[in-house]
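Undergrad: Got a structure here, written out as structure tokens. Questions coming.
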Amino acid sequence: MSKRLFVKGNEAIAMAAIEAGCRYYFGYPITPQSDIPEYLSRELPKLNGEFIQAESEIASINMLLGASATGVRAMTSSSSPGISLKQEGISYMAGAELPGVIVNISRSGPGLGGIDASQADYFQSVKGGGHGGYHIVVLAPSSVQEMYDLTMLAFDLADLYRMPAMILGDSVVGQMKEPLIANKRPQTELPVKDWVVRGKGVGEQRVVKSLFLGDGELEAHNNRLHDKYMLLSAREARWEEFETADAELVVAAFGSTARIAKTAIMQARQEGLKVGLLRPITLYPFPQRAFADLTRRCKRILDIELNNGQMVEDVRLSVARDAEVHFYGRPPGAGSLPTPEELLEQIKKHY
Amino acid sequence: MQQVFKRPVSLKDVQTHFCPGCHHGTIHRLVAEAMDEFGVQQRTIGVASVGCSVFLYGYFDIDVVEAPHGRAPAVATGVKRARPDSFVFTYQGDGDLAAIGTAEIIHAANRGEDITVIFVNNTTYGMTGGQMAPTTLVGQKTSTSPYGRNQAKDGAPIRMAELLTQLEGVAFAARVAVNNPRNLLDAKKQIKRAFRYQVEGKGFSFIEALSACPTNWGMNPIAANERVGGEMADYFKLGVYKDTAEF
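These protein sequences, in sequence, are chains H and D.
The first sequence: position 84 = 88 (the working numbering), numbered continuously.
The second sequence: position 202 = 208 (the working numbering), numbered continuously.
Dropping the structure here:
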């Protein structure tokens with residue numbers, strides 16, 4: 005059995021990136037994710053990797069684009085306002101079908117907002133935050149162990165589907181310390197990267213681009229991307245169910261909020277209320293089937309988020325037609341993190 | 007019979023989309039000739055920018071990554087750091103490099119990235135239809151400076167070669183033109199020298215090439231060509247601004 009370590013969520017991401025074979029990191033300082041570049045600036049040079057503190061978030065996402073186009077595993081990380089700046093590059097990467105991992109240890113907004121835990125970047129992450137209509141893989145860890153494991157999964161999914169993958173966390177999962185088992189990189193069978201630029205040698209020219217001007221070319225490209233998203237949805241949706249088997253009411257929550265909700269659910273169970281939790285782990289692809297299957301039996305969902313209602317739209321689109329979906333949200337900011345008791349009150353209100 | 011002139015192997019045998027009298031085709035050729043002479047075609051990764059220069063991959067027979075507008079030096083940084091054995095160059099226009107991409111060019115240059123930047127300055131946004139660029143000369147009329155560029159409101163044109171020369175990370179910087187045979191031969195020499203810096207691992211090299219844009223200047227090719235050697239070269243002085251290596 006592996007040794008248990010005691011590390012911060014952000015450090016777990018950096019450790020997992022290295023274990024996953026990432027040797028190239030490009031970033032810019034921003035709270036609350038700076039532990040990631042700090043860790044990698046120390047560790048990557050020892051592994052003959054490259055760490056660049058770029059002049060901006062825009063430059064760092066484009067360095068990721070360039071490195072990824074050569075076939076290496078590479079990563080950038082930031083927090084909400086910085087992720088907004090990266091949207092241009094993410095759109096280009098999605099268009100050019102480039103893998104690459106983007107970490108958003110999000111903070112509260114809009115604008116400069118604050119540094120507190122937030123889930124207000126859900127829409128931006130899962131609906132295609134940049135222009136042009138695309139999706140990226142979005143994974144939402146709710147523990148330090150998941151920060152580690154899902155980072156390795158993000159690299160694999162990015163390579164498997166040739167698309168960017170994002171870890172969407174916040175300061176709760178980023179800054180807290182928990183026990184971690186530093187698992188080995190999964191032995192995923194990955195496709196050969198026969199599309200990377202490498203200097204053509206005596207072979208055919210290769211071009212990594214997102215510009216398609218020929219008649220019908222771009223439409224065909226977009227349809228192919230869409231097919232890929234459908235395949236991703238069919239194969240890769242992940243979620244956790246907790247105490248749902250006999251539940252009369254199921255709480256839907258992701259990331260840090262799901263942790264608080266779990267405590268509230270255990271309190272409710274002690275009081276004899278049949279309450280469960282459905283926690284999406286992949287926000288894109290959204291676990292639609294999980295909600296559809298669950299609500300064939302359990303007709304009451306309480307969606308809880310650290311915002312004024314974003315994931316709840318996807319929950320509503322996924323549940324059975326006769327299911328009720330209630331919402332409780334706290335928009336992010338200092339002092340807005342709900343307590344388990346507060347959520348228990350909401351559970352009782354809708355039970 | 008001896009063949010004394012041929013198409014560079016780094017250049018494809020295709021027609022370009024460039025307008026009559028545009029200098030992009032000539033500059034493409036000089037870059038391709040330099041690539042042939044150093045034998046780097048097979049390990050070259052070009053980084054295309056946004057503007058008339060975007061179709062780099064259509065004309066050069068090399069691997070190419072397309073960058074978002076202005077970001078080519080950042081993309082090239084990622085490429086070169088991941089594949090240090092490759093020969094990496096960007097090819098950017100003046101809107102791309104001197105306006106939206108100012109941060110990326112300055113910091114790639116300042117880090118002394120081992121890449122070559124070919125910067126084509128034609129004092130206008132060509133592909134979008136001739137709007138005012140950061141390099142548009144004072145008084146020059148464009149589709150967004152219909153009364154002429156006003157220095158009091160729009161600032162003066164930016165001299166990128168001189169500006170980048172100030173940075174410690176820049177090993178070589180020169181401004182060239184291809185408007186007449188003498189300038190063209192010198193341009194070829196300086197492009198080759200810029201390439202040599204990268205081939206020998208001597209650091210960041212920068213070429214600013216003045217170029218004509220007859221279509222958007224509203225001139226015929228001959229008048230446009232004359233403008234390059236006239237008012238453009240008066241403001242954007244040709245020459246080698248920095249040359250730090252001994253070869």
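Beta carbons: idealized from backbone N, C-alpha and C, even for Gly.
In three-state DSSP terms, what is asparagine 128 of chain D?
TA: It is coil, neither helix nor strand.
Undergrad: Taking Cβ-Cβ distances below 8 Å as the criterion, which residues of the segment 196-218 of chain H are in contact with chain D?
TA: Listed in sequence order: Val201, Arg202, Gly203, Lys204, Gly205, Val206, Gln209, Arg210, Val211, Val212, Lys213, Ser214 and Leu215.
Undergrad: Would you say proline 36 of chain H and isoleucine 119 of chain H are within 8 Å of each other, going by their C-beta atoms?
TA: Yes.
Undergrad: Any heavy atom of the ligand FAD inside 7 Å of the beta-carbon of tyrosine 32 of chain H?
TA: The ligand FAD is absent from the structure shown, which contains no ligands of any kind.
Undergrad: What is the DSSP secondary structure of methionine 330 of chain H, counted as helix, strand or coil?
TA: Per the sequence presented here, residue 330 of chain H reads as histidine, with methionine not at that position. Three-state result, histidine 330 of chain H: strand.
Undergrad: Identify which residue in D:Pro220, D:Asn186 and D:Val85 has its Cα closest to the Cα of glycine 235 of chain D.
TA: Nearest C-alpha to glycine 235 of chain D: D:Asn186.
Undergrad: Which residue from D:Thr142, D:Val81, D:Arg49 and D:Val246 puts its Cα closest to that of alanine 218 of chain D?
TA: Nearest option by C-alpha distance: D:Thr142.
Undergrad: Thinking methionine 105 of chain H and alanine 169 of chain H are a contact (beta carbons under 8 Å), I'd like their distance in whole angstroms, please.
TA: One detail in the question is off: residue 105 of chain H reads as valine in this sequence, not methionine. Contact flag correct, Cβ pair sits at about 5 Å.
Undergrad: For chain D, is any of its Cβ atoms less than 8 Å away from the one on glycine 134 of chain H?
TA: Closer than 8 Å: no.
Undergrad: Which residues in chain H sit within 9 Å of valine 60 of chain D, going by Cβ to Cβ distance?
TA: Ordered by position in chain H, the residues that pass the 9 Å Cβ test against valine 60 of chain D are Lys213 and Leu215.
Undergrad: To test your reading of the DSSP string, which unbroken alpha helix (DSSP H) runs of 4 or more residues are found completely within the segment 255-331 of chain H?
TA: Runs found: 259-274, 292-298 and 315-322.
Undergrad: Secondary structure at isoleucine 106 of chain D, three-state DSSP: helix, strand or coil?
TA: Three-state DSSP puts isoleucine 106 of chain D in a helix.
Undergrad: Quick one: give me the first and last residue of the beta strand (DSSP E) that glutamine 21 of chain D is part of.
TA: Element bounds for glutamine 21 of chain D: n/a, residue is neither H nor E.
Undergrad: What is the DSSP secondary structure of tryptophan 223 of chain D, counted as helix, strand or coil?
TA: Here tryptophan 223 of chain D sits in helix by DSSP.
Undergrad: Determine, using beta carbons only, whether glutamine 48 of chain D comes closer than 8 Å to chain H.
TA: Closer than 8 Å to some Cβ of chain H, the Cβ of glutamine 48 of chain D qualifies, so yes.
Undergrad: Out of H:Ala98, H:Arg27, H:Tyr288 and H:Val255, state which residue places its alpha-carbon closest to the alpha-carbon of leucine 229 of chain H.
TA: The residue with the shortest Cα to Cα distance from leucine 229 of chain H is H:Ala98.
Undergrad: Check threonine 83 of chain D in the structure and name its three-state DSSP category.
TA: Residue state, collapsed to three classes: helix.
Undergrad: How is the alpha helix (DSSP H) around asparagine 14 of chain H delimited, first residue to last?
TA: Asparagine 14 of chain H -> alpha helix (DSSP H) spans 13-23.
Undergrad: Could you tell me which of H:Trp243, H:Glu23 and H:Ala265 sits nearest to glutamine 191 of chain H, measuring between CA atoms?
TA: Out of H:Trp243, H:Glu23 and H:Ala265, H:Glu23 has the C-alpha closest to the C-alpha of glutamine 191 of chain H.
Undergrad: Within 10 Å of its beta-carbon, does glutamine 146 of chain D have 16 or more other beta-carbons around it, so buried, or fewer, so exposed?
TA: Glutamine 146 of chain D should be labelled buried.
Undergrad: Alpha carbon to alpha carbon, how far is lysine 204 of chain H from aspartate 198 of chain H?
TA: For lysine 204 of chain H and aspartate 198 of chain H, the distance between alpha carbons rounds to 12 Å.
Undergrad: List the residues of chain H whose Cβ lies closer than 9 Å to the Cβ of proline 220 of chain D, in chain order.
TA: By Cβ distance, chain H contributes nothing, its closest Cβ being about 23 Å from proline 220 of chain D, past 9 Å.
Undergrad: Looking at the structure shown, is alanine 73 of chain D part of a helix, part of a strand, or coil, going by DSSP?
TA: Here alanine 73 of chain D sits in coil by DSSP.
Undergrad: Which residues in chain D sit within 7 Å of tyrosine 96 of chain H, going by Cβ to Cβ distance?
TA: Under the 7 Å cutoff, chain D gives Pro74.
Undergrad: Does any CB atom of chain H fall closer than 8 Å to the CB of isoleucine 33 of chain D?
TA: Not an interface residue.
Undergrad: Ignoring anything shorter than 4 residues, give me the alpha helix (DSSP H) runs that lie fully in the segment 152-209 of chain D, in order along the chain.
TA: Listed in chain order, the complete alpha helix (DSSP H) runs (minimum 4 residues) inside the segment 152-209 of chain D are 157-160, 166-171 and 187-205.
Undergrad: Name the chain D residues that come within less than 7 Å of valine 76 of chain H, Cβ to Cβ?
TA: The contacting residues are Ala88.
Undergrad: Considering only the alpha carbon of each residue, which of D:Ile112, D:Thr221 and D:Asp67 lies closest to alanine 179 of chain D?
TA: The shortest C-alpha separation from alanine 179 of chain D is found at D:Ile112.
Undergrad: Over what stretch of residues does the beta strand (DSSP E) that includes valine 141 of chain H continue unbroken?
TA: Note, valine 141 of chain H: beta strand (DSSP E), 141-143.
Undergrad: If you drop the 5 nearest sequence neighbours on each side, which residues of the same chain put their C-beta closer than 7 Å to that of serine 149 of chain D?
TA: Same-chain partners within the cutoff: Gly135, Gly136 and Gln137.
Undergrad: At a Cβ cut of 8 Å, what residues of the segment 48-60 of chain H count as close to chain D, listed as they run along the chain?
TA: The residues in question are Glu54, Ile56, Ala58, Glu59 and Ser60.
Undergrad: Just to confirm the assignment, what range does the beta strand (DSSP E) spanning glutamate 244 of chain H have?
TA: Run containing glutamate 244 of chain H: 243-246, per the beta strand (DSSP E) assignment.
Undergrad: Kindly say whether alanine 71 of chain H, judged by its beta-carbon, lies nearer than 8 Å to any beta-carbon of chain D.
TA: Chain D contact via Cβ: present.
Undergrad: Given this structure, state the Cα-to-Cα distance separating aspartate 91 of chain D from glycine 115 of chain H, to the nearest angstrom.
TA: The straight-line gap from Cα to Cα measures roughly 42 Å.
Undergrad: Mind checking the segment 109-121 of chain H against chain D and listing, in chain order, the residues whose C-beta falls within less than 8 Å of any C-beta there?
TA: For the segment 109-121 of chain H, which is checked against every Cβ of chain D, not one residue is closer than 8 Å.
Undergrad: Classify aspartate 219 of chain H as buried or exposed, calling it buried when 16 or more other Cβ atoms lie within 10 Å of its own Cβ.
TA: Exposed.
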